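A.B. asks: The structure is given below, and queries will be raised subsequently.
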Amino acid sequence: MIPAAFDYEVAESVEHAVSLLAEREDAKLLAGGHSLIPAMKLRIARPSCLIDIGGLTELSYVRDAGDQIAIGAVTRHKDVRDAPLLREHCQIVSFTAGQVGEPQVRHRGTIGGSVSTI
1 MIPAAFDYEV AESVEHAVSL LAEREDAKLL AGGHSLIPAM KLRIARPSCL IDIGGLTELS
61 YVRDAGDQIA IGAVTRHKDV RDAPLLREHC QIVSFTAGQV GEPQVRHRGT IGGSVSTI
């Protein structure tokens, strides 16, 4: 199927993405798109605007946050799988990220997209 018409914006920063979201009531964030795009094709999701945050490198990380490990919203599944910090301290998260979908999904899909709702 073909999705309904929508506008497309590329966020230049986190602040820019937040600003774009504030301007459009039914806008959706896009990074990997492996959940959102199929829903749009079936017209389950019909956002008026997609805001691409896939290039915001400041949202892609796995880092020590004191008594927690922080994982950024646009961190790809393969990067979660390969993160030395997770392999050392939280092997189940690292292992599970390596089991998500097929290789294309692991290499482009994001952890934030997997835990968010459509």
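For the sequence shown, counting from 1, position 60 maps to 60 in my numbering; every step adds exactly one.
Every residue gets a Cβ at the ideal spot worked out from N, C-alpha and C, and that includes glycine.
Just so it is clear, the structure is predicted and the values come from calculations on it, not from any experiment.
1. Using only the alpha-carbon positions, how far apart do Glu-58 and Gln-104 sit?
2. So the candidates are Gln-68, Gly-72, Val-80 and Ala-39; which of them puts its Cα closest to the Cα of Ser-94?
3. From which residue to which residue does the beta strand (DSSP E) around Ile-71 run?
4. Who does Leu-30 pair with in a DSSP beta bridge?
5. Tell me the residue span of the alpha helix (DSSP H) that contains Arg-81.
6. Measuring alpha carbon to alpha carbon, tell me which residue in Ile-2, Val-100 and Phe-6 is nearest Asp-52.
7. Apart from the five residues just before and just after Ile-2, which ones in its own chain have a Cβ nearer than 8 Å to its Cβ?
8. By how many angstroms is the C-alpha of Ile-37 removed from the C-alpha of Ile-118?
9. So what does DSSP say about Glu-12, is it helix, strand or coil?
10. Got a sec? Which residues, its chain only, sit under 7 Å from Asp-64 by beta carbon, not counting five neighbours each side?
11. Assuming Gly-113 and Gly-55 are in contact, meaning their beta carbons sit under 8 Å apart, how far apart are those beta carbons, in whole angstroms?
C.D. replies: Checking against the coordinates, here is how it stands:
1. When only Cα atoms are considered, Glu-58 and Gln-104 end up about 23 Å apart.
2. It is Val-80 whose Cα lies nearest to the Cα of Ser-94.
3. Per DSSP, the unbroken beta strand (DSSP E) holding Ile-71 starts and ends at 69–71.
4. Asp-52
5. Start and end: 77–82.
6. Phe-6
7. Lys-41
8. The predicted model places Ile-118 with a pLDDT of 48, which falls under 50 and marks its position as unreliable; any figure quoted below should be read in that light. Using only the alpha carbons, I get a separation of about 10 Å.
9. Coil.
10. Leu-85
11. 15 Å between Cβ atoms; not a contact.
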